[in-house]
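Chemist: Numbering (the numbering used here), first residue to last: 1031 to 1255.
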């Protein structure tokens, strides 16, 4: 029975084109899976809640050592907030919304890599305990910020790792605050104890390799007030 199940998974990967070597996929912006979990969002004192519809993460994942054609996937936020007064930020990333525009690949990544069915493993939590003073002063004065060096702690799969980021920020004509990574944020899979899951996913999808480093482009939007 076990051999049959593994064989079926391999067949699905091959037939669906989700994990075939050399496969390059464009992300469908409208194709992200909607979260099945409804969260009651509450802003703390002085916090601005992130706009979940306008904010997003784009992951770039290199497989089979083909850096010129990484797999791209969108992931949505489940919650998040920023406090310019306290200089803190918190973001909850909904791993069940991983969307590479190929359903079979999405299912394999969610279930075999992230293991989203396990309690508490369906999200990644990013916490920034102190934003840089210079960046805070500029944003409080509604001035743009360029290349702010920010340190965050990312909790994923029960483990926490330190993640450095370089961010730009500013305000649009309607008063919305936007924050973007000016270079991709690099996250190492091995720092979260997910190396075995990565090998299992690579074997199921018949890849020679999947890189340990995932590059993440971040866009955050906070409504004007």
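Just so you know, even glycine gets a beta-carbon here, dropped at the ideal spot from N, CA and C.
Measure the beta-carbon distance from residue 1215 to residue 1195 and round it to whole angstroms, keeping in mind my assumption that it falls under 8 angstroms.
Modeler: 5 angstroms
Chemist: Can you check the region 1113-1201 for any alpha helix (DSSP H) of at least 4 residues that lies completely inside it and give the ranges in chain order?
Modeler: With a minimum length of 4 residues, the unbroken runs of alpha helix (DSSP H) contained wholly in the region 1113-1201 fall at 1133-1138, 1163-1170.
Chemist: Count the other CB atoms, across all protein chains shown, that sit within 10 Å of the CB of residue 1129; report buried if there are 16 or more and exposed otherwise.
Modeler: Its Cβ being crowded by 16 or more others within 10 Å, residue 1129 is buried.
Chemist: Going by beta carbon distance, what residues of the same chain come within less than 8 angstroms of residue 1169, once the five residues before and after it are set aside?
Modeler: 1114, 1175, 1199, 1207
Chemist: With a threshold of 16 other CB atoms inside 10 Å of the CB of residue 1152, please say whether the residue is buried or exposed.
Modeler: So residue 1152 counts as buried.
Chemist: Are the Cβ atoms of residue 976 and residue 1085 separated by less than 8 angstroms?
Modeler: Shown here, the chain extends from 1031 to 1255; a query on residue 976 therefore has no answer.
Chemist: Determine the direct distance from the alpha carbon of residue 1141 to that of residue 1133, and round the result to whole angstroms.
Modeler: Whole-angstrom Cα-Cα distance: 12 angstroms.
Chemist: Are the CB atoms of residue 1082 and residue 1073 within a distance shorter than 8 angstroms?
Modeler: no
Chemist: What are the boundary residues of the alpha helix (DSSP H) that residue 1249 is part of?
Modeler: No alpha helix (DSSP H) holds residue 1249; the beta strand (DSSP E) holding it covers 1243-1252.
Chemist: Taking all protein chains shown into account, do 16 or more other C-beta atoms lie within 10 angstroms of the C-beta of residue 1224, making it buried, or fewer, making it exposed?
Modeler: buried
Chemist: When the Cα atoms are used, what is the spatial distance from residue 1102 to residue 1111?
Modeler: 26 angstroms
Chemist: Relative to the C-alpha of residue 1217, which candidate in 1117, 1182, 1251, 1209 has its C-alpha closest?
Modeler: 1182
Chemist: Quick check on DSSP: helix, strand or coil for residue 1082?
Modeler: coil
Chemist: Tell me whether residue 1224 sits in a helix, a strand or coil according to DSSP, three-state version.
Modeler: coil
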